[in-house]
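Each residue of the sequence shown is one higher than the last, beginning at 1 in the working numbering. Yeah, the Cβ is synthetic: ideal placement off N, Cα and C, and Gly gets one too. Please read all numbers here as calculations on a predicted model, not as lab measurements.
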Amino acid sequence: MYKYAIKHLNKAERFIRAGEYDYDGKFYDAAIGHAYYAMYHAARALLLLLERSPKTHSGVINSLWENKNKLKNAIMALISSLRAKTSRKRLSSFLNRLWRNRRR
Numbered sequence: 001m002y003k004y005a006i007k008h009l010n011k012a013e014r015f016i017r018a019g020e021y022d023y024d025g026k027f028y029d030a031a032i033g034h035a036y037y038a039m040y041h042a043a044r045a046l047l048l049l050l051e052r053s054p055k056t057h058s059g060v061i062n063s064l065w066e067n068k069n070k071l072k073n074a075i076m077a078l079i080s081s082l083r084a085k086t087s088r089k090r091l092s093s094f095l096n097r098l099w100r101n102r103r104r
């Protein structure tokens with residue numbers, strides 16, 4: 001499961017980069033979509049560390065809620081792997097930029 005979690009984390013990072021590119025090009029709708037999928041794949045990575053693999057977007061949301069107390073350890077494992085700390089900072093920065101400029 002760890003190997004697949006890393007794959008989802010890498011996919012999340014690619015979505016962050018795509019979203020930043022879209023945002024810089026003033027394609028805000030596309031940037032928001034990429035931000036959503038970055039969060040979705042990061043959530044899938046967390047759930048895989050808990051050996052959960054929901055098949056739908058709503059399943060991911062429900063599984064996150066049901067396992068919220070177990071996620072702390074999974075988050076710490078994720079942060080310590082493959083540039084996750086950098087990805088987290090980039091996602092946070094990107095989401096903050098989207099939020100600040102949401103009314104453009």
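Annotated three-state conformation of Glu51 is coil, per DSSP.
Around the beta carbon of Ile61, a 10 Å sphere encloses fewer than 16 other beta carbons of the protein chains shown; the residue is thus reported as exposed.
The residues Ile16, in chain order, have a CB closer than 6 Å to that of Arg90 in the same chain once the five nearest residues on each side in sequence are set aside.
The DSSP-derived three-state label of Lys7 is helix. A straight line joining the alpha-carbon of Tyr4 with that of Leu48 spans about 7 Å.
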